[in-house]
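A.B. asks: Sequential numbering of the sequence shown, starting at 6, is according to the numbering used here.
For each residue, glycine too, the CB sits at the ideal point set by N, CA and C.
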Amino acid sequence: MPCTWPSTRTTPASARTYTTAQARPRAKTARFTRTFSGILWERPDRRKRWALRHRTETAVREVADELAFSVAAGIDETIVPYDLAATIRHAILDEFTTGQKLDRDLAIGDPMPFYGITIAVARMLDWLIRHHPEAAQHAIVETIGDGERRLGIPRDVSAQSLRTALALDGKLEREQLHACLDRVLPPAKSG
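#1: For residue 171 versus residue 156, is the C-beta spacing smaller than 8 Å?
#2: Could you say which of 126, 175, 102, 179 lies nearest to residue 152 if we only look at CA atoms?
#3: For residue 38, which residues of its own chain have a beta-carbon under 6 Å away from its beta-carbon, when the five flanking residues on both sides are left out?
#4: Beta carbon of residue 141, beta carbon of residue 90: below 8 Å?
#5: Let me know if residue 87 comes out buried or exposed under the rule of 16 or more other beta-carbons within 10 Å of its beta-carbon.
#6: Where does residue 29 fall in DSSP's three states?
#7: When the distance is taken between beta carbons, is residue 177 closer than 8 Å to residue 185?
#8: Let's test the definition: count the other Cβ atoms within 10 Å of the Cβ of residue 81 and tell me whether it reaches 16, buried, or not, exposed.
#9: Buried or exposed for residue 175, going by 16 or more other Cβ atoms inside 10 Å?
#10: Once DSSP output is grouped into helix, strand and coil, what is the label at residue 119?
#11: Residue 121 and residue 100: beta carbons closer than 8 Å?
#12: Can you tell me which of 149, 112, 119, 108 puts its alpha carbon nearest to the alpha carbon of residue 93?
#13: Verify whether the separation of the beta carbon atoms of residue 133 and residue 125 is less than 8 Å.
#14: If you run the structure through DSSP and keep just helix, strand and coil, what is residue 183?
#15: Which of the three DSSP states is assigned to residue 34 in this structure?
#16: Please report the residue range of the alpha helix (DSSP H) in which residue 103 lies.
#17: If you measure from the CB of residue 148, is any heavy atom of the ligand GTP nearer than 7 Å?
This is how it looks when you write it as structure tokens:
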């Protein structure tokens with residue numbers, strides 16, 4: 006399965022017709038729809054504002070659905086993908102620095118084959134890969150380059166660190182994850 010995200014919706018909200026590429030972003034709004042519907046209809050203090058003869062639960066759900074789509078459609082204005090990518094890159098580099106310090110403190114001798122990345126950072130990178138693959142690719146390539154230039158971490162160690170963190174804490178299926186990472190990471194060493 007390709008590591009891409011469908012294009013954004015271009016149909017006016019009132020038309021309620023969506024292409025196949027638009028169906029997936031539309032599905033993302035389900036959580037927002039439930040939240041808004043609950044606020045508008047299921048809470049008695051707010052429901053009385055809506056409970057008119059022509060404002061049925063279905064009508065309120067439609068309003069909630071449109072509100073949800075508005076939130077989902079504007080997410081790129083709320084979370085700027087390349088700003089998030091830079092933040093994730095710095096977080097991963099900090100994780101690598103911590104791993105290097107741990108290596109020195111333990112004085113094992115051989116450098117670690119990979120450095121741990123916290124669950125929160127791995128999940129954010131996973132989200133970026135799933136929703137903004139170009140920004141994620143940029144973050145990954147820069148992270149590996151900065152790790153090598155600034156911290157002296159071999160590319161294969163950085164790559165293995167990212168592969169391990171995403172495999173453990175990400176939501177992508179194994180095949181999707183490998184397809185995405187194989188495009189931007191150096192090949193994994195076998196054996």
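C.D. replies: The structure says:
#1: The count along the sequence shown starts at 1 and reaches residue 171 at position 166. The count along the sequence shown starts at 1 and reaches residue 156 at position 151. In this structure, residue 156 does not lie closer than 8 Å to residue 171 by Cβ.
#2: Working through the sequence shown from its first residue, we reach residue 152 at position 147. Here the closest residue by C-alpha is 102.
#3: As a working mapping, residue 38 is identified with position 33 in the sequence shown. Excluding residues within five positions, the ones whose Cβ falls inside 6 Å are 69, 70, 73.
#4: Reading the sequence shown from its first residue, position 136 is the one you call residue 141. Reading the sequence shown from its first residue, position 85 is the one you call residue 90. Yes, the pair counts as a contact, with Cβ atoms nearer than the cut-off.
#5: If you number the sequence shown from 1, residue 87 lands on position 82. By the 10 Å Cβ count, residue 87 comes out exposed.
#6: On the sequence shown, position 24 is the one that residue 29 refers to. With a pLDDT of 45 at residue 29, under the threshold of 50, the modelled position of this residue cannot be trusted, and the question is left open.
#7: Translated into positions along the sequence shown, residue 185 becomes position 180. Translated into positions along the sequence shown, residue 177 becomes position 172. For residue 185 and residue 177, yes; Cβs fall inside 8 Å.
#8: Your numbering for residue 81 matches position 76 in the sequence shown. For residue 81, the number of other beta carbons within 10 angstroms of its own is below 16, and it is reported as exposed.
#9: As a working note, residue 175 is residue 170 in the sequence shown. With 16 or more Cβ atoms within 10 Å of its Cβ, residue 175 is classed as buried.
#10: By 1-based counting over the sequence shown, the position of residue 119 is 114. Residue 119: coil per DSSP, three-state reduction.
#11: Counting from 1 along the sequence shown, the entry for residue 121 is found at position 116. Counting from 1 along the sequence shown, the entry for residue 100 is found at position 95. In this structure, residue 100 lies closer than 8 Å to residue 121 by Cβ.
#12: Working through the sequence shown from its first residue, we reach residue 93 at position 88. If we check each option's Cα against that of residue 93, 149 comes out closest.
#13: For this step, residue 133 is matched to residue 128 along the sequence shown. For this step, residue 125 is matched to residue 120 along the sequence shown. Cβ distance not < 8 Å, so residue 133 and residue 125 don't count as in contact.
#14: Mapped onto the sequence shown, residue 183 falls at position 178. Residue 183: helix per DSSP, three-state reduction.
#15: Here residue 34 corresponds to residue number 29 of the sequence shown, with the count starting at 1. In this structure, residue 34 counts as coil in the three-state DSSP scheme.
#16: Walking along the sequence shown from the start, residue 103 turns up at place 98. 86-111 is the extent of the alpha helix (DSSP H) around residue 103.
#17: Ligands in the displayed structure: none, and consequently the ligand GTP is not present.
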